[in-house]
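Trainee: Attaching a single structure in structure tokens format; questions to follow.
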Amino acid sequence: MKPLILIVVLAALVLAGCAGTPRTGDAGATPNQVLSGDDASGAVHWGGQIVSIKNRRDYTLVEVLALPLESSGRPRVDGKAEGRFIVQRSGFLEPHEYAADRLLEVRGQLDGFIHGTVGDAPYRYPLVQGEQLVLWPEDAGASTSPIKPRVNFGVGLGTYGSGVGIGIGF
Numbered sequence: 000m001k002p003l004i005l006i007v008v009l010a011a012l013v014l015a016g017c018a019g020t021p022r023t024g025d026a027g028a029t030p031n032q033v034l035s036g037d038d039a040s041g042a043v044h045w046g047g048q049i050v051s052i053k054n055r056r057d058y059t060l061v062e063v064l065a066l067p068l069e070s071s072g073r074p075r076v077d078g079k080a081e082g083r084f085i086v087q088r089s090g091f092l093e094p095h096e097y098a099a100d101r102l103l104e105v106r107g108q109l110d111g112f113i114h115g116t117v118g119d120a121p122y123r124y125p126l127v128q129g130e131q132l133v134l135w136p137e138d139a140g141a142s143t144s145p146i147k148p149r150v151n152f153g154v155g156l157g158t159y160g161s162g163v164g165i166g167i168g169f
């Protein structure tokens, strides 16, 4: 009976390792889609490349060029721009860390629009109250595709018998 239980437990562990994970890159409507309507409310998961940062007395505004997100949540620099948006975060954000061209992932709530300019052209930015900001490392590898598991097989011989093993590493 014990070998059967062991086999069932091992099979369950192996199958659990094959289960998919939810996509973190599902962002819903893009900033361009929000701009085409008048409703700027609801939760968003957006990201992109920082254009500029402005610290105010009690909060910081970060202008972001929206890019599609990978499944890991990292903005795809090779993706087509999806508009621009402004992230408002209470407190001070260090401009040296949140410098232009850095990649930023944002989770937050849409809170209307802010009117500004891009160059001399007027622009209406969706405003996101930033609840969670992830500043991606500058040295993040060129390939940020999801990690693929490595499967290893092993055979062992010993004084008390032999065995076969399978290992899955990430």
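In terms of numbering that gives the first Met the number 0, the sequence shown has 46 at position 47, counting the first letter as 1, and numbering is strictly consecutive.
Note that the Cβ used here is the ideal one computed from N, Cα and C, for glycine as well.
Does the region 60-69 come close enough to the region 82-91 to have 3 or more Cβ pairs within less than 8 Å?
Mentor: yes
Trainee: Closer than 6 Å by C-beta to R106: which residues in its own chain qualify, once you throw out the five before and the five after it? Chain order, please.
Mentor: H44, E130, Q131
Trainee: By the three-class DSSP mapping on this structure, what secondary structure does L109 have?
Mentor: strand
Trainee: Among I113, E104, H114, which has the Cα closest to the Cα of G72?
Mentor: E104
Trainee: How far does the beta strand (DSSP E) with V50 in it extend, from its first residue to its last?
Mentor: 40-54
Trainee: Work out the CA separation of S161 and I167 for me, nearest whole Å.
Mentor: C-alpha separation (whole angstroms): 20 Å.
Trainee: Would you mind working out which of I165, T29, R123 sits nearest G46, comparing C-alpha positions?
Mentor: T29
Trainee: Which stretch, first to last residue, makes up the alpha helix (DSSP H) that contains L68?
Mentor: Segment: none, L68 is in no alpha helix (DSSP H) and carries neither H nor E.
Trainee: Rounded to whole angstroms, what's the CA-CA distance from P136 to E69? Just pull it up for me.
Mentor: Cα to Cα, the separation comes out at about 15 Å.
Trainee: Buried or exposed for E93, going by 16 or more other Cβ atoms inside 10 Å?
Mentor: exposed
Trainee: Would you mind stating whether I49 and A99 have Cβ atoms separated by less than 7 Å?
Mentor: yes
Trainee: In angstroms with no decimal places, state the Cα-to-Cα distance between H114 and P125.
Mentor: 9 Å
Trainee: If you follow the beta strand (DSSP E) that V76 is in, where does it begin and where does it stop?
Mentor: Unbroken run through V76: none, as it is neither H nor E.
Trainee: Based on the DSSP output, what are the partners of A120 in its beta bridges?
Mentor: Per DSSP, V117.
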